[in-house]
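Novice: Numbering-wise (this note's numbering), the sequence shown opens with residue 123 and increments by one.
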Amino acid sequence: MGTALADQYLAQRFAEIRSSFPGTAAGPYLDVSARCLLYSGARKAFDAYLDQNGDGTLDKKAMFKGVERTRELFARLIHADADEIAFTRNVTDGIATLAASLPWKAGDNVVLCESLEHPANVYPWHGMVKRHGITIRSVGQDAGHIPADKILAAADARTRVVAVSSVSFAPGFRLPLAELGAECRKRGILLVVDGAQSVGAIDTDVRALKIDVLATSAQKYMMGVYGVGFLYIRRELADTLEPVMLSRFSVDLGNEHEGSSGDTSAYVLAKGARRFDVGNYNYPATLAAAESLQLLLDLGPKEVETYVCGLTREFADRMMELGLPVYGGKSNLPGSPIVTVGKVLSTDHDATGDNDMMALHDFLVANGVRLGVRRGLLRFSFHLYNNRADIDFVVDLARKWLKTVGKAAA
Ligand SMILES: Cc1ncc(COP(=O)(O)O)c(C=O)c1O
123 MGTALADQYL AQRFAEIRSS FPGTAAGPYL DVSARCLLYS GARKAFDAYL
173 DQNGDGTLDK KAMFKGVERT RELFARLIHA DADEIAFTRN VTDGIATLAA
223 SLPWKAGDNV VLCESLEHPA NVYPWHGMVK RHGITIRSVG QDAGHIPADK
273 ILAAADARTR VVAVSSVSFA PGFRLPLAEL GAECRKRGIL LVVDGAQSVG
323 AIDTDVRALK IDVLATSAQK YMMGVYGVGF LYIRRELADT LEPVMLSRFS
373 VDLGNEHEGS SGDTSAYVLA KGARRFDVGN YNYPATLAAA ESLQLLLDLG
423 PKEVETYVCG LTREFADRMM ELGLPVYGGK SNLPGSPIVT VGKVLSTDHD
473 ATGDNDMMAL HDFLVANGVR LGVRRGLLRF SFHLYNNRAD IDFVVDLARK
523 WLKTVGKAAA
């Protein structure tokens, strides 16, 4: 297929996909960064599970097979192998499980930019301070950007981990990870990434970026439901770790049934990140996630990124043309699925003290726009079911609001 034809085909596919998200009918949904609209394919899988549960026809073998399909699809999405993926409940679970399983020595340190990290990537490290006598070195932000240079400057011979978000929950800037990853690998420091706001929208190649650990969850850009998280641990690292919670799924049972006994004390750990699986899975949510992952893979992760970031760039440009304070202006590059609007990045988690921004927020909500407020900013987050009509809708409303409050720029 020629490029123009391929582009046309993709545009058509994205347009069709919108109808698989019934929630789009109620107006622009721009709050993926909190949670996504549920994909109808995922809902079907979830419903099928509940039906079988109700009928008494659930089949454990099929459930396990479904779990492995999900593991395989997530691995493909981030360019990893299935053995490098463990299932968790959420991002915090993934990061805390990893943190608790690392062989710390008192005096080791973790470097991060605490003011821009979600608590999911902060508290698990503080937990290790108390337990193992490590220290946390938090560097300051650069106007909303996680500063890779400051992080590397703060790291020393006792740094075990650099912990970052690939896209911050606010102001939603994307951190170029490749350089940070290369430098961390060179210095023997583990790069731990919170991918909650990127994986699913941003093509993420853990090998190329030299990411050692990545934690994410299903309910945002993977278009699933709460309760399922994914933990990638690079094979070479995972194989050296003792899981903090040993379970029957952490050990290699060969072809035995999960419940078989024998000499349990002579257990052998499962290969790679599988040793971090703990007991039965959240089957309905895990099987549902497979359908969303399949959709992302069918479309192509790079194509999804190009489409979503095309929308956010256009949206940011048009809001700026109206004179609205898009946070970071055009500096929000490389592309991110998030655009934030407001002048001050504050410390409030989900509120803003800026009366103008709150008034704009309320006006948009009253007119059917779903968006978020984080750290003092209005947060607009896009995914593959959004389109230019959503942008037009919000920009027209913003223009109207500016006129009514006498601040019209256009
Ligand atoms: C960057 C980031 N990390 C993590 C989370 C969620 O963490 P958890 O899944 O542990 O609740 C969010 C949002 O909810 C987030 O924006």
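The beta carbon of each residue, even a glycine, is placed where N, CA and C say it ideally should be.
1. Among Asp153, Ile273, Phe209, Ala137, which has the Cα closest to the Cα of Asn402?
2. Would the beta-carbon of Ile207 fall within 7 angstroms of that of Phe352?
3. Helix, strand or coil: which one does DSSP assign to Leu499?
4. Rounded to whole angstroms, what's the CA-CA distance from Arg397 to Glu413? Just pull it up for me.
5. Could you give the distance in angstroms between the alpha-carbon of Leu493 and the alpha-carbon of Leu160?
6. Taking the straight line between their C-alpha atoms, what separation do you get for Val232 and Asp129?
7. Using the C-alpha atoms, what's the distance from Leu419 back to Ala532?
8. What is the DSSP secondary structure of Phe291, counted as helix, strand or coil?
9. From which residue to which residue does the beta strand (DSSP E) around Arg259 run?
10. Under three-state DSSP, which class holds Ala532?
11. Compare the beta carbon distance of Val350 and Thr408 with 7 angstroms and say whether it is the shorter of the two.
12. Which parts of the stretch 262–319 are runs of the beta strand (DSSP E), unbroken and 3 residues or longer, counting only runs that do not cross its ends?
13. Taking its Cβ as the centre, do 16 or more other Cβ atoms sit within 10 Å of Pro459, making it buried, or is it exposed?
14. For Asn404, verify whether its CB is less than 6 angstroms away from any heavy atom of ligand 1.
15. Considering only C-alpha positions, which residue in the set Arg307, Leu331, Lys272, Arg253 is nearest to Gly229?
16. CB-CB under 7 angstroms to Val426, same chain, minus the five flanking residues each way: which ones, in chain order?
17. Report back the beta-carbon spacing between His201 and Arg329 to the nearest angstrom; my notes put them in contact at under 8 angstroms.
18. For Arg370, count neighbouring Cβ atoms within 10 angstroms of its own Cβ and tell me buried if that reaches 16, exposed if not.
19. When every heavy atom of ligand 1 is checked, does at least one fall within less than 6 angstroms of the C-beta of Asp203?
20. Under the criterion of a Cβ to heavy atom distance below 6 angstroms, does Asp316 qualify as lining ligand 1?
21. Please report the Cβ distance between Val491 and Gly163, rounded to the nearest whole angstrom; I am assuming they are in contact, meaning their Cβ atoms lie under 8 angstroms.
22. According to DSSP, simplified to helix, strand and coil, what is Tyr403?
23. With respect to the alpha helix (DSSP H) encompassing Tyr171, which residues constitute its N-terminal and C-terminal limits?
24. Is Ser155 helix, strand or coil by DSSP?
25. Could you pull out every unbroken alpha helix (DSSP H) segment of at least 4 residues lying fully inside the stretch 435–515, listed in chain order?
26. Could you tell me how far apart the beta carbons of Ile333 and Leu299 are, in whole angstroms, since I believe they sit closer than 8 angstroms?
27. In the DSSP assignment, find the beta strand (DSSP E) that holds Ser223 and state where it starts and stops.
Specialist: Based on what the coordinates show:
1. Locating residue 402 in the sequence shown gives position 280, where the first residue counts as 1. Comparing Cα-Cα distances from Asn402 to each of Asp153, Ile273, Phe209, Ala137, the minimum goes to Phe209.
2. For the purposes of this step, residue 207 is identified with residue 85 of the sequence shown, where counting begins at 1. For the purposes of this step, residue 352 is identified with residue 230 of the sequence shown, where counting begins at 1. Taking 7 angstroms as the Cβ cut-off, Ile207 and Phe352 qualify as a contacting pair.
3. Your numbering for residue 499 matches position 377 in the sequence shown. Strand.
4. Along the sequence shown, one-based indexing puts residue 397 at 275. Along the sequence shown, one-based indexing puts residue 413 at 291. Distance between the alpha carbons of Arg397 and Glu413 is about 25 angstroms.
5. Looking up residue 493 in the sequence shown gives position 371. Looking up residue 160 in the sequence shown gives position 38. Cα to Cα, Leu493 sits roughly 16 angstroms from Leu160.
6. On the sequence shown, residue 232 is found 110 positions in, with the first residue counted as 1. On the sequence shown, residue 129 is found 7 positions in, with the first residue counted as 1. In a straight line, the C-alpha of Val232 is about 44 angstroms away from that of Asp129.
7. If you number the sequence shown from 1, residue 532 lands on position 410. If you number the sequence shown from 1, residue 419 lands on position 297. In this prediction, Ala532 has a pLDDT of 43, which is less than 50 and means its spatial position is unreliable; what the coordinates show is noted afterwards. Going by the C-alpha atoms only, they are around 41 angstroms apart.
8. Stepping through the sequence shown from its first residue, residue 291 is reached at position 169. Three-state result, Phe291: coil.
9. Indexing the sequence shown from 1 puts residue 259 at position 137. Per DSSP, Arg259 belongs to the beta strand (DSSP E) from 257–260.
10. The residue given as residue 532 occupies position 410 in the sequence shown. Residue placement at Ala532 cannot be trusted, given a pLDDT of 43 that sits under 50; what the coordinates show is reported in the next sentence. In the structure shown, Ala532 sits in coil (DSSP, three-state: anything other than H, G, I, E or B).
11. Along the sequence shown, one-based indexing puts residue 350 at 228. Along the sequence shown, one-based indexing puts residue 408 at 286. Yes. Within cutoff.
12. 281–287, 312–316
13. As a first step, residue 459 is located in the sequence shown; it is residue number 337 there, counting from the start. By the 10 Å Cβ count, Pro459 comes out buried.
14. Residue mapping note: residue 404 aligns to position 282 of the sequence shown, counting from 1. Answer for Asn404: no, Cβ out of range of ligand 1.
15. The residue labelled residue 229 in the question sits at position 107 within the sequence shown. For Gly229, the nearest C-alpha among the options comes from Arg253.
16. Along the sequence shown, read from residue 1 onward, the residue named residue 426 stands at position 304. Closer than 7 angstroms at the Cβ level, and outside the excluded window around Val426, lie Ala323, Leu418, Leu506.
17. Taking the first residue of the sequence shown as 1, we reach residue 201 at position 79. Taking the first residue of the sequence shown as 1, we reach residue 329 at position 207. Correct: roughly 6 angstroms between the Cβ atoms.
18. In the sequence shown, counting from the first residue as 1, residue 370 sits at position 248. With 16 or more other Cβ atoms within 10 Å, it is buried.
19. Taking the first residue of the sequence shown as 1, we reach residue 203 at position 81. Answer for Asp203: no, Cβ out of range of ligand 1.
20. Residue mapping note: residue 316 aligns to position 194 of the sequence shown, counting from 1. Answer for Asp316: yes, Cβ within range of ligand 1.
21. Your numbering for residue 491 matches position 369 in the sequence shown. Your numbering for residue 163 matches position 41 in the sequence shown. Contact flag wrong, Cβ pair sits at about 25 angstroms.
22. Position 281 of the sequence shown, counting from 1, holds the residue named residue 403. Coil at Tyr403, not helix or strand.
23. Taking the sequence shown and counting its residues from 1, one reaches residue 171 at position 49. 162–177 is the extent of the alpha helix (DSSP H) around Tyr171.
24. Locating residue 155 in the sequence shown gives position 33, where the first residue counts as 1. It is coil, neither helix nor strand.
25. Here the runs fully enclosed are 477–488.
26. Taking the sequence shown and counting its residues from 1, one reaches residue 333 at position 211. Taking the sequence shown and counting its residues from 1, one reaches residue 299 at position 177. Contact flag correct, Cβ pair sits at about 7 angstroms.
27. If you number the sequence shown from 1, residue 223 lands on position 101. Here Ser223 belongs to no beta strand (DSSP E); instead the alpha helix (DSSP H) covers 213–223.
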